[in-house]
Each structure stands twice: as structure tokens, then as C-alpha cells.
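Protein chains in written order, with the numbering used here: chain A, 1193 to 1265; chain B, 3 to 887; chain C, 76 to 241.
Glycine included, C-beta positions come from ideal geometry on N, C-alpha and C.
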Amino acid sequence: MLKNALNTLLVIALTLVLSACASVAPWQRGVLAQPSMALALHPAQAIFKEHIYISREAASGGGAASGGGCGCY
Amino acid sequence: MAARQVVVVVAAIKRTGWARFLTVNKPKKPRIASNQSLQALTLAALALPGLMLNPACAEEDEVEFQYGHYQEGKRNLFTTINTKNPIEVDSLLGKAKFSLSDRVKFAFNYTQDTWSGATPISTAPRVANSNRPILADTPSGQTITVGASPYLNTQLLVNRNYIPLKQKPNGRIAGQDTQLVHILSMASPETRKQGDFNLAYEWDETALDLGGGISVENDYESRFGSLNGRWDFNQKLTRLNLGLSYTNSDTSAILDHDSSPYITKSEFLGQIEQSGAMKIMHGNRQDWSSSLGLTQILNKEALFSANIGYTRSTGYLENPYKAMSILFVDSEQGGNRLNGELKAFLEQRPNERNQLNLGGRFIQHIGLTNAALHVDYRFFHDDWGINAHTFEADWVQPIGRTWTITPRIRYYSQDAADFYQPYLLSKQAFAKTVYNEASGTFSSIPFDARLLPQNFSSDQRLSAYGALSGGVTVNKQFSKAIGLEAGFEYYSHAGALKMGGGGEGSYSDFDYFMANASLKVNLAAMASPAFAEQGHHAHHAEAHHHGNPAPAGVMFGHLLNQAHAFMVGYRFMYGRQSGDMLHGSQLATDRQIVNGGCGSGVQACRLTPTYMDMSMHMLDIMYAPTDWLNVMVMPQFMDMAMNLRQLAGAPPVQPGEHVHTGTGHATGGVGDTGLYALIKLLDQPVHHVHLGLGLSAPTGDVDIPLRRNHQQDEGFIHYGMQLGSGTWDFKPSLTYIGQSEAWSWGAQLSGTHRMEDKNQSGFTFGDIFQSTAWGGYGLTPWLSTTVRGVYTDQAAVSGRFNATSGVVNGVLLANVNPKAGPMDFPSSYGGRYWDVGFGLNARVPSGDLAGNSFGVEWLQPVSTDVNGYQLDREGALSATWQLMF
Amino acid sequence: MKQHIFFSLCAVWVLGFVGLIQAAEIGDASPDCQIAPHEHQASYALKHLQGKVVYVDFWASWCGPCAKSFPFLNALDQEFNTKGLQIIGINLDEQPTEAADFLAKYPAQFTIASGDNQQCAENFAVKAMPSSYLIDRKGHIRHIHLGFKPDEADQLKTLVNQLLAE
């Protein structure tokens, strides 16, 4: 199960990276600089929602500890 | 194979000039003589600063405030009506991040959530009838159902295959019944507070950040720290992230007084402390977490990020409030119907958990509508046997220049943990009575714990299910400096939604929604030339600066002098009462309180508060439509905590009546909302006078009940623990401010008048009158001190809580509102107070944060004369932050 | 196996990209290109400015540090314009309207080159946004500054002063 998932992920990553190996000059990054392209879209909202998800689901967040709390409800 | 790979790489290096790549950072020897300083700077400069991999988050200094609300739907109890309010959470978040220097960034977050409501504590076959109707006899002799109460230990019948059997009221078997049901229990409001920080140092293409924080709630405390590194390379097209974090958490959970006696705790005896009537479960857990992430710009319009994380958790990983229902059936019984005994055990989880996270996120710009599509997938695996998948997609659609609408969909699916069971079956008797022929006595042999599994839990979060949720977030940018956000998400949890089927039964399905609203202030926008260009910013910042600010505890202390000026502020107030009880201004003994604080005879006081804490967070948004009028909106967020003790000499407890003590109460959530207008009356170089007219809207709850406890309903929580006034209040004020050189002084008269006779709960707080005068001195152009005196007079509560009917020991009473101590009596509210305040105000004079001002003031009580019987005051702290545009 | 191919291909890709850049470097004669100043109709070649100290600044509206550099460039222009300094802000926005909006918010007192300046950026092999090139009176690049942080303003000013004095 785990191995399958790992392999799938690797193949997806491989395909994506190789199909899109285009170089982007520093001055061509205007679109990438738009707020809508940010990796974290709504950071404050995410803190609230993540705390709820973590207290309702077994799969805990991404790894790095960003907060504590038992979430025992 | 390895050798061939090396050849490939070497070939690649030859073709593309690896040597050149290595030396590109060294400047060629200049053909023209160049001096030392030119060289040195060039070396540093070639290291590609400036362009962040994702410049959108070009860390601008900002402050953000957010309110979030979580509301769960009611659960199906099948056998009886569910009168319990489901779980509800009110959450407040304050975020600030700013640059300490060009390369040092500091961020601070404060989070506070208050939650309450009914939550599953265990799961049982429906036929066990564990959610018993609370039946009550009315005065007219009828028996009615008024609610449901959890019963953890019950009997039921099973057939030879151990399938529960349903019985008709007359005792006949009506067939098999495999339906399960959650056993719900109420939790009173509890508040969690968390503070955390992050300090980052940025080099040209690497950054290191250090974070840490603490989260505190009544029964749980976590401390955490993290270290993250970031490395940008390949012309900042690629970024690597590496993170390590550690969390250490202590549980000290007071086991529920009502259910605890019925829960077997034998496995945890070493961890449970007996403290008076309370049982406290102690535990410690540690979490180590590491992660590695890669972000890659794929082309002009797309990027991809992948990460892998590993978390190891050890120690007490249980939830102290969850119990496993174990059905004991003595298999040696004869006949086709076996008697089963359902017993509850504290859940037992492994003391170790290893978790793996794999995730990928792809972001693509959609040129047609200038939108962005975010697609996210995460895979989770742990050694408890849980595999989980999360899919998320967000469509970020800008509309015009200032609006953005982001619809979102999320799907989550997980397997059950290996040790998850809704309830356990054990084919032995819980306790067996045997006759010892030798001694001629009967003795009881308890169950054999070795026949039970090592680990078990019926926590729904470890069951197999899926969840589908969807929502939308709307952002509106009002100016470069101010942005608003509102979000909503509806979530549905169901066994049937599990990927591939095989999820938990529908009895465990539930749904909830989350809503949030936030205000974001960009501090850098202040310093931008656009503002300077418009001219008015610099001007009114200056206009404001001609006076030292009023002390932090003074509301409405200043006026915006320029039309269209805008101000955002945040105000925190903390007050504590503790120590001795007072009657008037004299010390009150326990005997006096017992005799005089409540009713007489059996109605005499039994309890008295030991302390009461109140914190208030206020957002302060102010706008000047003209140069003589300011309008203001002030939402508030409250939280309060009180602890009680038994009074010496209290009347003896009535038979069948329990009096609890020591556990205390807490409340929290949205308070009243203030709407104000400030009108300039006099504006001379030295003297300034303005009038404030305000309304306080009753947005705070005044009907928070105490939790049903010890088989009795308890009615409303004390007046002072409610979150608002419940009435529309009129709040006038008149403020005078003087200023001459470094000296400043001022005075203010203010009041609160309740404009209604009583609120929805039947009472009103007393009117308040306050007068204050202060003097201030500017130590430096940016730092000033203040000293002030305050006199406050507040009338007692009038009216009283509406009668609340409830069931006490099986009898329906017309009014169960508490009358246990002076805090439950309207006459013990209000009083006359003198305080002295010492304050400091600071204003950032220059740089990116110029114009931000901060204030702090401590109010020290000097004289207290209370109505009735009340706790003495320890003091109050006010802290403010303000920024004008 | 899959992993090996993946890493090899990516190595080729990463290195290949770096190799393609023929960067303008310190001491080199400045690359030339046509620029179209915002306020003039006619475009002219950069090398026509020889004899002046030229401060070439590549910027775009979406670049945060660029916005922060504008007040500094205005001040620099004010101080040294008459002493022989020519500042040219070469815009690299793909949408001209975005550059115009930016200039409305952050007015520039120095010369702005609008229009399609891709060729200029390529000739200089611009490595970051913003990128600044200090060109001496003889047309040689004497300093390359990548990015902009307010703390670096004083150093840049000293350099301009030195070149003007040569």
C-alpha cells in the first residue's frame, strides 16, 4: 500500500517535472508573483481550519509543529 | 549502474560548463583598476537576493485579526431525543509579522479558542439503551422526557452468536439488533490559549528560522519548538525546505465526576491522582517531527511543491475522556439467550506512533480568467494501521482589482486503526460469583484482563470513514493597507464516504461548518511613497504626534483630525479578582457570607469564589468622514474563568444533594459590539475637547448554562460570567486633553446606561459612571509615561435570571438556577472603586513600522466598596496597539 | 532505476540552464540595447549615453523590492542628475498597463524605459529582480547589484559618487 503510493507519487512528480522543464527568466515571473499563486493562500484561515481538521481526523498535519492543544473534543 | 550514472552526469557537466557554474560567483579580474569597496560589495551582491521564489509572500509587515466559528450538527441517538447542544468552538487569532532589520523577520501569533457541547465518550449497541431519557415527574403527576443522560454500565441479552437482541417492553425478544449508537456527554466551556513566535534570519539564498510556543488549557499543556531551513538555488527556480520540530505535552485531565465511577481504570492506576473528590489523569507525550520539501517553478505559469514528513509520537497518546464499551458475556451460560454486561474502560492506545506524510501541490495559472488552480494531495500512513488520503482543490478567481473569490473542495478518507472497535466483546463474565466448598463461602472472581486486547479505542477519529467538504473564501482589498476576508466551509463526515467502501456505520455520521472573518493590515503600505504622495498621511500622523497619547486604559482618548483618515487598533484588557471576600469595604468572613450572602436556613451560601479572571480582546476600527467627526466599530472577544471553594460553616448538604467544588467554570466567545461617534468640540493648540456618543449592541451571550452535573440540572452560570450585557446600552463620554511641550494632561467623564429594563435572560447589569484624570510626560519624542486616577461607580444587577426548569434527582423543578453563593445573587454586583494607573506609551518614530503606537497601563486598586459580598480586586492591565493611515 | 533516470535528467536540465547564461560581468563593456524612454517618442541605443555615469535598473510592477527602491532612485537622481548621472529604469512588465498603474502609485523622477525590453534583459542576462548595473563614463560595467534592501542604499550612493569622480 505504502510502496504503491510512493511509486505513484514518484511517477507523478517525474512526469510533471520533466514535461515542464522550461527555464523561466527572472523577469518572466510576474504571473508567479501574483497573490493567487502563493503556496499558502489564506494563512490565518489555515491555522483555524487545520486545528479543526486535526481534532477531527487521524491524519495529522504536514509534520512541522505549528501548534499545540489536545483537540480532545 | 552507478558508474554509468556518473558518466551521464559528467557528460552533462562537460557540455554545459560546470567549471563555469562554479566560478560564476567570482568576479572576473576587472580590466580597469577597481577599488576595494567595489569588489567587496560585488561579491555579496552576486548572490541573487531580492527575488523570492514566490515573491507574492514577499514578507511584508502585517497584522491580522481573525474570528472563527465551528458548529457541529446534532448526532442521531436513535432511542431518545437529543437535547444536547452539539460541539461549538469560538476562535480568535491575532497575527503580527514584521522586519526587525532587512534580514531579520519576527512573527507572533496568539490564538484562543473556547469550546463546549456534547461529544461522544463511547459507543454501544443501541439495545443497551445507553443514552437514557432523563425522565421527570411534573407537578401534575405526568412523567415526561426532558433530555438524555449517558449510562455506561448496562445489561443486555445476546444470542448464541453474541448478537444483541432487542426486547419489547414486556420482555419478549423482538429479534436481533446490530445498530450501534454513540454515548454522548456534555462538556462545559473550556478555553485554550496559545502563543507562538517565529524568528527568521535571511541570507541571500538561504534562511533559517526558529519557532516556539506554548498552548495552555485546563487539562492539557503543550510546549513546542521548531527549526526550519530554506535554500533557494537554480536561479531561485528551486527551493528546498528542511524542518525539525519537537512538542512536549502534559495531560492533567479531571475525569468526569458523573461518568468516572462507571469507568474501569485499572490499567491507569499509576497515572491517576486522587485530589479530594476529583480524579486527575496525568500523562506526558512527546512528538518529534521532521520534514523535507521541494518547490519547483515549472514554467511562467506553474509551480509544484512536494514534501515528505515523518513524525514520531511517544507517551500517553490516549484521549482521557474516551471510554471503550466492553460487552462481557459469560460463554458458560446455557440456553439461547445469554446475559451480557456492558462495562466501560478507559481507552488504551499504544504508547508509540510513527507517522509518515507525503504530499504534493500543483499550482497552475489559468490565463483565460486570470485565475489560479491549486491542487493538493496528501498521503498519510502510520503504524497504527491508518492510511489516509486528502485531496484538495482551490480555484482562486480575482474579480476586478480588489475582489478575490476562492471556491474550494476537499475530500478525506481514512482506514481504521488496527485496535479500533465500536465496542468489544469479551466471552467471559465481568465478575463471577463462585462457591468455595472448602471454606463454605462465596467469592467474586473478576474478569481476566489478559483476555482483553492490549489496545482498544472506540474514538471515532480512529474509525474508517470519508469526509467531503466544500466552501468559499472571499477577499476584498480596501486599500493597499486594509483587506478583509470571509470564509465558509461545510463538512460532512460519513462511513459511506470512505474510499473503497467498508466505512463505519451511519450511526457515526455527523456534519459541521466552519466560518471565519478576518481583517488584515499591511504595515508596509504606510511607509510606501503612495501614502506620502497623497500628503495627508504624513500630515495627520504629525497632527496626532503633537500630543502624548492618552493612557492605554482610556477609551476614546483621541480623535482623528483629518477627513478620510483611518485607524486600526487592538486593545487587550485583563482584570483579576482574588483573595479576600469583601462586604462593602470590609473583609467578610465565611460565617458572614454564609449568613448574609444568599438566602436563610437551607438557602444559605455554600460556595464562594476564590478568583475570577477576565480577559477582553477588542478590535478598534475608526474612520473620519470629516475632520470633526469620527465613527468607530469595536467588536469584542471575551473569556472568563472562576474558581469556587466551599464556605466554612456552610449548612449541611441535603440528603441526595451534591455540592461540587474546586473544578471551576470558564466561559468565552464573542462579547458585545460597540458603535461610537466622536465629535470634536474644541481644537486649540493646547486644549482639545471631544464628545463621544455610543451604543453597545448585545452580541454577547447572556444565557450560558452550567453543565448538568451530579444528576442535576444547574441553570444559568453566574451573572458575571456571561459574555455580554444582553441589553442595548448607551455609552456617552466627554474627553478633555491638554498638551504643552513635553507635558500632557487630560480628563474624561464616561457612562454606560442600559436602555432596556431587562435582557432576554431577565436581568440588566447596573449603570456605570466613571471619571478619570491624568498627567503625562514625554521622556523622549517616542516614549511617554502617564499617571492617572480613576473613580468608578456601578449599580447592582437588577432583575434576576428567568426561571430555568430542570431535573434534579429525577424531579422536574420549575427553577434550578444556582443560588449556591453570592455570585449567584444580583445584589452582589457593582460597587464604588478608586484606582491609580501607571502607563507607558511608545510610538515607532521611523522606518517601515513608523506610526505604530503601543501603550500599556496597570490599574492598581486603592479603594474598593462593593455591593453585597464580592471578591477583592487585584488590578487590571490594558495594552493597546494603534496604526493610523 | 526510475530514480536514477530521474536524477540524471534533472542534473542535465539544471546544469544546462545555468550554462546558457552569458552574463554581463564586472569589467565588461556594457551590453547595448534600444530603449524607449517613457516621455519621448524616439528610442535610442544605450551606448549613446557614453560619457555619463549610467545607472541601469531593471524592474517590474510585481516585484516588491523594486517598489522599495524607487524612493531611493528618486533621491539619487535628484542629487546627482546635474553631476552627470543618468538613471534608466528599464521596465520588464509583460502588460504595459501594469507598469503604468505602478508608476501612478510610485512616481519616478528618473527616466523610465517602457515598451518591450526583453532584448535588453537578455543582453544583460538579468539574474534577479530588481537588477542594477552601474556603468562608468567609458561604458564599462563597474558594479552589479541584485535585489534591493533599504540598508544597501548608502553603499550604492558611495559607489555612484566614486564613479562620478573618476
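Quick one: residues in its chain with C-beta nearer than 6 Å to the C-beta of isoleucine 163/C, no 5 flanking neighbours on either side, listed in chain order? In its chain, beyond the 5 residues on either side, Val131, Thr186, Ala188 have a beta carbon closer than 6 Å to the beta carbon of isoleucine 163/C.
Kindly say whether proline 106/C, judged by its beta-carbon, lies nearer than 8 Å to any beta-carbon of chain B. no
How far does the alpha helix (DSSP H) with alanine 699/B in it reach, from first residue to last? No alpha helix (DSSP H) holds alanine 699/B; the beta strand (DSSP E) holding it covers 689 to 699.
Are any of the Cβ atoms in chain C nearer than 8 Å to that of glutamine 237/B? At least one chain C Cβ lies under 8 Å of glutamine 237/B.
Could you check whether serine 118/B and serine 187/B sit closer than 8 Å to each other, using their CB atoms as the reference points? no
By Cβ distance below 6 Å, which residues in the same chain neighbour asparagine 236/C in space, the five residues on each side in sequence not counted? none
For serine 481/B and asparagine 524/B, I'd like the C-alpha separation in whole angstroms. 9 Å
Where does lysine 232/C fall in DSSP's three states? The answer is helix: DSSP assigns lysine 232/C an H, G or I state.
Where serine 1215/A sits in the DSSP three-state scheme: coil
Contact with chain A by leucine 211/C, beta-carbon distance below 8 Å: Looking at the sequence shown, residue 211/C is not leucine but aspartate. It does not; no Cβ of chain A falls within 8 Å.
Go ahead and label aspartate 641/B buried or exposed: buried means 16 or more other beta carbons lie within 10 angstroms of its beta carbon, across all protein chains shown. buried
Assuming the contact rule is C-beta atoms closer than 8 Å, glycine 841/B and phenylalanine 803/B should be a hit. Round their C-beta distance to whole Å, please. Not quite, the Cβ-Cβ distance comes to about 38 Å (not below 8 Å), so this is no contact.
By the 10 Å Cβ neighbour count, where 16 or more other Cβ atoms means buried, how is glutamine 605/B classified, buried or exposed? Its Cβ having fewer than 16 others within 10 Å, glutamine 605/B is exposed.
Where DSSP assigns a beta bridge to aspartate 176/C, which residues make up the other side? Beta-bridge pairing links aspartate 176/C to no other residue.
For threonine 701/B, which option in Leu693/B, Ser742/B, Met501/B, Gln638/B has the closest C-alpha, if you only look at C-alpha atoms? Gln638/B
Can you name the start and end residues of the beta strand (DSSP E) that isoleucine 83/B belongs to? Premise fails: isoleucine 83/B is in no beta strand (DSSP E) and is neither H nor E.
So which residues on chain B does glutamate 1249/A lean against when the C-beta distance must stay under 8 Å? Ala390, Tyr414, Gln416, Arg463, Ala469
Given that a residue counts as buried once 16 or more other Cβ atoms are within 10 Å of its Cβ, and exposed if not, what is glycine 892/B? Because residue 892/B is not part of the residues shown, which for chain B are 3 to 887, the question remains open.
Could you work out which residues of chain C lie near aspartate 63/B, taking near to mean beta carbons separated by less than 7 Å? Within chain C, no residue comes near aspartate 63/B; the closest Cβ sits about 12 Å away, beyond 7 Å.
Might you give, ordered along the chain, the residues of its own chain that have their beta carbon closer than 6 Å to the beta carbon of isoleucine 165/B, omitting 5 neighbours on each side? Gln178
Interface residues of chain E facing threonine 787/B [CB-CB closer than 7 Å]: Of the protein chains in this structure, namely A, B and C, none is chain E.
Enumerated in chain order, which unbroken segments of the beta strand (DSSP E) with a length of 3 residues or greater are wholly contained in the stretch 196 to 240 of chain C? 206 to 210, 216 to 221
Over the uninterrupted beta strand (DSSP E) stretch that includes serine 327/B, give me the two end residues. 325 to 331
Classify histidine 123/C: buried if its beta carbon has 16 or more other beta carbons within 10 angstroms, exposed otherwise. exposed
For glutamine 416/B and isoleucine 388/B, which I take to be in contact (beta-carbon distance under 8 Å), what is that distance rounded to the nearest angstrom? 6 Å between Cβ atoms; contact.
Given isoleucine 401/B as reference, the closest of Asn457/B, Lys478/B, His383/B once Cα atoms are compared: Lys478/B
Looking at chain A, which residues of the stretch 188 to 204 of chain C have a Cβ within less than 7 Å of any of its Cβ atoms? Ala196, Val201, Lys202, Ala203, Met204
Give, in chain order, every unbroken run of the beta strand (DSSP E) that is at least 3 residues long and sits entirely within the stretch 154 to 213 of chain B. 156 to 160, 167 to 169, 175 to 178, 182 to 204
CB contact flag (alanine 526/B, threonine 628/B, <8 Å): The beta carbons of alanine 526/B and threonine 628/B sit no closer together than 8 Å.
Give a yes or no on whether the C-beta atoms belonging to glycine 245/B and serine 293/B are separated by under 8 Å. yes
For isoleucine 216/C, collect the residues of the same chain with a Cβ closer than 8 Å to its Cβ; drop the 5 residues on either side in sequence, then sort them by chain order. Ala99, Glu100, Ile101, Gly102, Asp103, Ala104, Ser105, Tyr208, Leu209, Ile210
Taking only beta-carbon positions, decide if alanine 1238/A is within less than 8 Å of chain B. no
DSSP state of methionine 624/B mapped onto helix, strand, coil: strand
Around the Cβ of tyrosine 1245/A, are there at least 16 other Cβ atoms within 10 angstroms (buried) or fewer (exposed)? buried
Just by C-beta distance, which residues in the stretch 572 to 601 of chain B are closer than 7 Å to chain A? none
Any idea which residues DSSP pairs isoleucine 310/B with across the strands? Leu294/B, Leu360/B
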